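Numbering (my numbering), first residue to last: 75 to 147.
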């Protein structure tokens, strides 16, 4: 479906992008129930000063943020 969206497909085809992360979170108490997130990036040199991501709330946005940050923060 992302390839069928002009904006998403343009992001997928970025020549410098060499990493992708996808996350999904469900929350039955919201209108749309399922939240998707995709991060497209180029790998940067590893830094020693990266901060840990800690978020203990239980909402869907925080779940996606925690998943993405686990690999990128």
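The C-beta atom is built at its ideal place from N, Cα and C for all residues, glycine as well.
Nothing here was measured: the structure is a model prediction, and the numbers come from that model.
Alpha helix (DSSP H) segment containing residue i, residue limits
i, result
"residue 91", "Counting along the chain, residue 91 falls outside any alpha helix (DSSP H), and DSSP gives it neither H nor E."
"residue 86", "80-86"
Closest by C-alpha distance to residue i, when choosing among the options
i, options, result
"residue 88", "101, 97, 113", "113"
Whole-number beta carbon distance between residue j and residue i, since they are thought to touch under 8 Å
i, j, result
"residue 111", "residue 93", "At roughly 14 Å, the Cβ-Cβ gap does not stay under 8 Å, so residue 111 and residue 93 are not in contact."
"residue 98", "residue 108", "6 Å"
Close Cβ partners of residue i (< 6 Å) along its chain, the five nearest in sequence each way excluded
i, result
"residue 76", "82"
"residue 102", "none"
Contact set for residue i: own chain, Cβ-Cβ below 8 Å, skip 5 residues either direction
i, result
"residue 91", "85, 114, 115, 116"
"residue 100", "107, 108, 109, 134"
Delimiting residues of the beta strand (DSSP E) encompassing residue i
i, result
"residue 112", "108-115"
Contact set for residue i: own chain, Cβ-Cβ below 7 Å, skip 5 residues either direction
i, result
"residue 78", "none"
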